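Protein chains in written order, with the working numbering: chain R, 1 to 343; chain A, 1001 to 1527.
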C-alpha cells in the first residue's frame, strides 16, 4: 500500500479519492454516469494537446510555458483565415493547421530567442508576454480585414466577434470521425486518435539523438555544454515545438467546443494546462507523455464531475470557483516543491 | 604571557578527522604564522576560533582553548568578537554601496537619541555621522591610510578594501587577537609590502596576530613564530629565525603516502607531443590561467598540481572550451579550436570535470544513459536508423553499460539505477565509463578523488593507471592532492599564479614541491 502511494504520488492520490467521492455523489444524485464519462472523454481529447504543449518546453529547460497564448493566437489566426475562405470539414481543419504551424514556428523562434536572454525568469516573463500579446491582439481582432459574415459582428462594421461559431465550418469534425457508442457512452475516436498521433510524434522525437540533446540541455545545462550541446539552440527548439503544439491544440479544442474564442479568452488557457501536467506528476525539469495523459484525465474529469454535482448541491457558479482553486492551488504546490521536484 | 592557548583541539566532520590534537599558543603582541597545504586544517582551526556556526552544527570540537586566561568555547562569531577576536576574511565582507565610515562602523554605529527612540527603543536612534567619521579616520590613521572616509567602498582599489577590513577590526576597542586569512592573496606586491608593515605596527600596539598565508617568504619576513599543519596535525612549531623557507616547504608537503614504487613495467611514453599549449589564458573565476606553456608527450600521465586558486583547474576547463580562453592549443599537429567543446570532443579528447555532480553527471538519469550519452551526442554511437530518424538503441546502450559496469566494477543495483543514489566513487566510475565510451586518446581528469573515501580513491586511480598502461591513453590529471599525483604521474607540473612554476619528477624532494607551490623560484632559493 505504501509502495502504491509512493508510486502514485500524494497529490494524485488525493485528487483520485476526491474524484471517486464526487462520482459516488453523482450516482447518488441520479446524474447520468454515461453522460459524465462521455464528457470526460471529450474534455480529455480537447485539452490533452494543450497540455502536451508543455512537454517540449519543460524538456528543453524553459520550465512551464506560461506563454501558451502566443501559440493559441497563431492557431486562432489559422482557423479564422480558413473560415474566411469558406473552407469546411476536414479541409478547413487542415488548412487552419497548415497556416497556424508556420506562424507559431516564427512566434516560437522569436520568443525562444528572448527567453535565452532572461534565463531563470522564463515562467514569470512568459506570463507577462502572454498578457501583452493577448492585449495587442485585442486591437488586431478589431482592425483585421476579415470580411466573412461568420466572423464579423452581425450588425456589420469592423472587428471580429468575441466568439465565432464553427457550426457551419469545422465543428466536431474530429469528434465525429469514426465515433461509436459503447452503451450510452460515445467515444470521440478521431479526437483521441489525433492526440495519440501528436503524442507519438513528441515521444518518438524524444527518443532520437536530437530529442535527447534537447532533454539533456533541459535537465543539466552545464553537463550539456561540456558535451558540446548548443544549449541556446535546444531551448529555442523546445519553445518552437511548444508554441506549435499550442496552435494545433487550440484548433482541436475549438472544433470540439464549437466556437472560436477571441479577445481575452487565450489568457485563461495556460493555467489549466500547467495545472494538468503538474497534477500528472511532471516537475519543472521533467515531463513526459504519461504525465500528460494522467494529468489531463484527472484534472478534466474532476471538472466534468464537479460541475453538475456541485451545481445540484449549491447554487451559482461554484464549480468555476472550485476549478480556479484546484488549478491554481496545484500550480502553487508544484512551484513550492524544492528544486522543482515532481509533485 | 600567552594570550591564546589551544590545547589538543580535535575536530571531525562525520567520519573525516580534519584536526587531530592541535596545540599552539600565541603571546601578546606576537605575530604567529600558520602554514599548510589546502585541506591541512587551517580553515577549520580558524572557524573554531571565530565560533563559526558550521562547527556547532557539525557537533562542536574536542579539546580546550584558553583565551586571555579564561576558558574560551565560542558558539557564535558575536561571542568571539565580544572577547576581542577579530577576523579578516579571504573574501571581502564589505558593503559596496556604503561609505568607508559606514563599513567600518557597521553594526557598531555611534548614535544620538531622538524623539522616536525614546518611545521605541535604541534601534531608532539617529546616526552620529561626525563621531563615526572621526572614529573611522582614527582607525585609518593607525594604518597610515590617507583616504576620504566618506567615499563609497565600491570602486576602491582592492588593496584599500583589505585595509578597510582591518580598520574595521582595530576600531573595535577591545581587539586583542586579529586573524588574517591569506590577506595578501589579492594584493599587488607593493600593497602587500605596505600591508606587512601595518601588521608589524599592529603587533607593536600589543595586538596579537594569527597570520595565514601560502607565501612562505612573507611568513618568514613578518612573523615571530610559525606553526606548520599537515593533514590536521601540527608537524612543527618554531621560532621564525630558527627555520628557513626550504625547511618550511618540506614540512608543509611532507610525504603523505609511502610511494608504492612501480615495478619495471613497460612505460610506453613516446617521443611525440600529443598536446602543445602555448600562452593559454583562461578566464575561469577563481582559477584563472594567465599565459601557460606546456607540452604533453603521447602515452604519459602528466600531473598538474598547485594550491587552490592558482589556476590549475582552469587548464583542463580551458582546453575543453568551457570557459572563455585564448592562446594556441595544438593536438596531434592540428590546432584545436578554442571555446568549442564539441570540436574538442570530436578530436578524441575526453574530460572528467572536477564538479562531478554538477557538470559530470545527469543525476536523475540512469547509469546506462549517463555512460552512453557523450558518444551518442558526439559520435552518433548507440543509434539505430528507423526511416530517416535516428533513434536511441536501448539494447546496445544496455549491453554497453553492463560491460562497463563489469569492467570498472561499478557497484549498483543495475544499469537502470539513477546516478544520484550512487556513492561518490561509483559516480566517478560512471564518469570514467562515459569518457571511455568516447575512445579518447587524451583524457583530462580534474580532481578525480575529491569527495571519495580512501578505498574508492585507490580504485579510481588504479583504473586511470590501467587505462594508460593497457590502452595507451594519455592522461592529464589535475589534483590538489600532491600525494596522489606522485603516485600515478610520470611528470608533475606545478601551477602558480596561472602560470607554470616548474615540472618535477614524482620522486623530487618534498621541499622542491613545497617551494614551487609557494611560488618560489627554485634556482633562486638554491643559490
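Don't be surprised by glycine CBs; every beta carbon is placed ideally from N, CA and C.
Here the structure is a predicted model, which is why all the values come from computation and not from measurement.
Nearest residue (CA-CA) to residue i, options the options
i	options	result
residue 1017(A)	1028(A), 1023(A), 1041(A)	1041(A)
residue 1434(A)	1489(A), 1486(A), 1470(A), 1366(A)	1366(A)
residue 1389(A)	7(R), 158(R), 211(R)	211(R)
residue 1347(A)	1024(A), 1328(A), 1440(A), 1225(A)	1440(A)
residue 1168(A)	1344(A), 1105(A), 1295(A), 1110(A)	1105(A)
residue 184(R)	9(R), 19(R), 32(R), 5(R)	32(R)
residue 1491(A)	1294(A), 1356(A), 1410(A)	1294(A)
residue 145(R)	137(R), 160(R), 136(R)	160(R)
residue 88(R)	282(R), 258(R), 3(R), 55(R)	258(R)
residue 1326(A)	1334(A), 1316(A), 1339(A), 1333(A)	1339(A)
residue 148(R)	174(R), 171(R), 79(R)	79(R)
residue 1425(A)	1416(A), 1337(A), 1412(A)	1412(A)
residue 1191(A)	1251(A), 1060(A), 1073(A), 1144(A)	1144(A)
residue 1028(A)	1178(A), 1307(A), 1182(A)	1178(A)
residue 1197(A)	1031(A), 1357(A), 1485(A)	1031(A)
residue 1026(A)	1183(A), 1096(A), 1118(A), 1206(A)	1206(A)
Cross-chain neighbours of residue i in chain A, by beta carbon under 7 angstroms
i	result
residue 228(R)	1341, 1342, 1345, 1377, 1378
residue 207(R)	1391, 1392
For residue i, the three-state DSSP class (helix, strand or coil)
i	result
residue 161(R)	coil
residue 276(R)	helix
residue 1204(A)	helix
residue 1227(A)	strand
residue 1171(A)	helix
residue 1411(A)	coil
residue 1188(A)	coil
residue 1487(A)	helix
residue 1276(A)	strand
residue 266(R)	helix
residue 1294(A)	strand
residue 1147(A)	coil
residue 1056(A)	helix
residue 148(R)	coil
residue 197(R)	helix
Chain R residues whose Cβ lies nearer than 8 angstroms to that of residue i
i	result
residue 1373(A)	212, 216, 227
residue 1115(A)	Neighbours of residue 1115(A) on chain R: none; closest Cβ ~43 angstroms, over 8 angstroms.
Contact list for residue i against chain A, beta-carbon separation under 8 angstroms
i	result
residue 204(R)	1389, 1391
Interface residues of chain R facing residue i [CB-CB closer than 9 angstroms]
i	result
residue 1358(A)	220, 222, 223
residue 1320(A)	226
residue 993(A)	The question about residue 993(A) has no answer, for chain A in this structure spans 1001 to 1527.
residue 1171(A)	What residue 1171(A) touches in chain R: nothing, since even the nearest Cβ is about 39 angstroms away.
residue 1002(A)	Those do not exist, as residue 1002(A) stays about 48 angstroms from chain R at its closest Cβ, beyond 9 angstroms.
Within chain R, the residues that residue i reaches when beta carbons sit closer than 7 angstroms
i	result
residue 1383(A)	209
residue 1546(A)	In the structure as shown, chain A starts at 1001 and stops at 1527, and residue 1546(A) therefore has no counterpart that could be examined.
Pairwise C-alpha distance: residue j and residue i
i	j	result
residue 1405(A)	residue 1372(A)	12 angstroms
residue 349(R)	residue 235(R)	Because chain R here runs from 1 to 343, residue 349(R) falls outside it and cannot be looked at.
residue 1065(A)	residue 1213(A)	23 angstroms
residue 1135(A)	residue 1024(A)	34 angstroms
residue 141(R)	residue 72(R)	14 angstroms
residue 34(R)	residue 231(R)	48 angstroms
residue 1507(A)	residue 1156(A)	46 angstroms
residue 1443(A)	residue 1449(A)	15 angstroms
residue 150(R)	residue 167(R)	10 angstroms
residue 1162(A)	residue 1297(A)	43 angstroms
residue 1319(A)	residue 1344(A)	8 angstroms
residue 1232(A)	residue 1019(A)	4 angstroms
residue 277(R)	residue 1485(A)	50 angstroms
residue 1474(A)	residue 1299(A)	5 angstroms
residue 1201(A)	residue 1331(A)	54 angstroms
Closer than 7 angstroms to chain B by CB, residue i
i	result
residue 1487(A)	The structure shown contains no chain B; the protein chains it does contain are R and A.
Distance cut-off 6 angstroms: residue i Cβ against heavy atoms of the ligand MG
i	result
residue 1176(A)	No copy of the ligand MG occurs in the structure displayed, which carries no ligand at all.
Using Cβ-Cβ distances below 8 angstroms, what residues of the stretch 1433-1446 of chain A are close to chain R? none
If you measure beta-carbon to beta-carbon, which residues of the stretch 1494-1517 of chain A are closer than 8 angstroms to chain R? If the cut-off is 8 angstroms between Cβ atoms, the stretch 1494-1517 of chain A has nothing near chain R.
Short-range partners of chain R found in the stretch 1064-1091 of chain A, where Cβ spacing is below 8 angstroms: none
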